[in-house]
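Per our numbering, the very first residue in the sequence shown carries number 14; after that it's consecutive.
The structure appears right after this line, and notes come after that.
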Amino acid sequence: NGMETWDASVDDFATSSNTDDNGLYHAILVNDENTGDWSKCKALARDILNENSNSVCEFSHLGSCSFAGVYQPELPTQMASFGEFYAFSNYYHVWQFLQLQPRSSIEQLEQRGQHVCSQSWDQLVQYNKANPNITLSEDALASYCFHAAYAHEILRHGYGFQPSDHIIAADVVNGQKVTWALGSILYEINTLPWDYVEVHGRHHIDEKRKEDMFAEWGGDFSRFVVCVVLVALLGSLQIIRLYQRRSKRSRKDGYEAVTDANDIEIENLARSCPNFQAQQDI
């Protein structure tokens with residue numbers, strides 16, 4: 014727009030000559046041209062994406078990267094069965110500033126940005142005053158074309174939306190105000206093993222807690238019983254193995270297990286008394 018610039022040095026960003034501020038954390042960009050330059054705005058915005066750091070990501074993820082070296086799966090094809098992409102917060106304000114329809118394509122975002130942000134500063138001020146969607150202060154207006162350029166670049170070259178892809182920029186969905194915080198919560202719900210429970214009053218909440226408590230106890234008790242059974246089986250197997258080892262060791266030392274003590278006594282008597290066998294035969 015009329016307030017961005019393309020050439021600046023670090024010294025230009027110092028707030029005063031007696032400060033240690035080196036301008037690495039903030040800068041004010043001023044465009045001295047007669048009109049805004051949408052193409053240069055987009056070029057500066059795209060530099061922020063830091064696409065040069067994607068080399069490792071491109072190698073490890075076979076090209077499935079967005080920007081700043083971050084992995085991103087390929088976007089699903091937009092079909093009736095898929096649904097819609099929604100954009101919140103700053104995107105919504107950019108849509109309002111450019112007077113786009115809530116559901117607009119990336120190509121329409123490009124066209125409106127080119128039209129609005131190629132005006133002179135005076136023209137942009139008049140455009141802002143006549144905007145039925147949003148009226149910005151002059152300080153905010155000075156940066157909104159850059160916001161629009163950044164929104165286009167991150168959608169088109171960051172996330173990889175195609176020019177014909179549509180996005181709905183919304184502030185309220187089904188009567189519920191939506192922000193990035195709500196989007197973050199939805200993301201967490203979809204990625205973590207949480208359950209959605211519909212409750213109706215305090216009584217329902219208490220009943221649900223009791224059910225969850227008993228279910229948890231039941232699960233813990235079942236795991237305890239299984240552990241006890243496993244320990245018992247392992248103990249039994251260990252005792253059997255020890256018994257078998259002792260039996261083998263006894264045979265190896267020349268001893269045999271006694272099965273009938275009477276037979277052993279008779280056999281010993283027969284060996285010590287020669288007449289015992291004869292008497293027994295009679």
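Built from N, CA and C at the ideal position, the CB exists for glycine as well.
Can you tell me which of the options puts its alpha carbon nearest to the alpha carbon of residue i?
i, options, result
"D50", "Q112, Q189, L111, V129", "V129"
"S118", "N47, L168, D225, F95", "L168"
"I181", "A100, M92, L137", "A100"
"H170", "S77, N47, V69", "S77"
"V69", "Q114, Y84, T192, A56", "Y84"
"L88", "F174, D233, S150", "F174"
"P145", "L113, Y163, Q132", "L113"
"Y163", "Q136, A194, H106", "H106"
"R59", "L137, Y256, A81", "A81"
"C54", "E71, R116, S131", "S131"
"T48", "Y104, P115, V138, Q121", "V138"
"T192", "N141, K223, Y104, E71", "Y104"
"P115", "V185, N63, Q257, V238", "V185"
Just how far apart, CA to CA, sit residue i and residue j?
i, j, result
"S79", "N67", "8 Å"
"I61", "C240", "57 Å"
"G248", "P206", "37 Å"
"N203", "S197", "10 Å"
"W134", "S52", "17 Å"
"H160", "S102", "12 Å"
"H39", "A183", "Unreliable placement is indicated for H39, whose pLDDT of 49 sits below 50; no coordinate value is reported for it."
"Q124", "Q189", "30 Å"
"I147", "P176", "26 Å"
"Y200", "A194", "10 Å"
"H74", "P86", "9 Å"
"R259", "L243", "25 Å"
"N65", "Y172", "15 Å"
"E71", "N187", "39 Å"
"Q246", "E224", "Note on residue identity: the sequence assigns Leu, not Gln, to residue 246. Approximately 33 Å, taken between the alpha carbons."
"S30", "Y140", "For S30, the predicted structure reports a pLDDT of 46, less than 50, and the residue's modelled location is therefore unreliable. A value from the coordinates is still provided. If you take the alpha carbons of S30 and Y140, they lie about 38 Å apart."
"R254", "F234", "30 Å"
"G232", "L250", "27 Å"
"G36", "E220", "Any answer about G36 is weak, because its pLDDT of 46 lies below 50 and its placement is not dependable; what the coordinates show is given next. Straight-line Cα distance between these residues: approximately 58 Å."
"I252", "V238", "21 Å"
"A143", "L57", "28 Å"
"L297", "N63", "Outside the displayed span of the chain (14 to 295) sits residue 297, for which this structure offers no information."
"Y256", "R236", "31 Å"
"Q136", "W108", "19 Å"
"S150", "E120", "28 Å"
Cβ-heavy atom distance between residue i and the ligand ATP below 7 Å?
i, result
"A81", "This structure lacks the ligand ATP; in fact it carries no ligand of any kind."
Contact defined as beta carbons within less than 8 Å: I believe residue i pairs with residue j. What is the distance between those atoms, to the nearest angstrom?
i, j, result
"F297", "Y157", "No statement about residue 297 is possible, as the shown extent of the chain runs from 14 to 295 and does not include it."
"H165", "G126", "6 Å"
In this structure, what does DSSP give as the bridge partners for residue i?
i, result
"A182", "A100"
"Q189", "V186"
"R116", "I181"
"Y84", "C78"
"R133", "Correcting the residue identity first, residue 133 is Ser in this sequence and not Arg. Looking at the DSSP assignment, S133 forms a beta bridge with T48."
Using a Cβ-Cβ cut-off of 8 Å, state whether residue i counts as contacting chain C.
i, result
"Q112", "No chain C is part of this structure, which consists of one protein chain only."
Cβ contact check for the stretch 146–160 and the stretch 84–94: 3 or more pairs under 8 Å: When Cβ pairs closer than 8 Å are counted between the two stretches, the stretch 146–160 is seen not to touch the stretch 84–94, the count staying below three.
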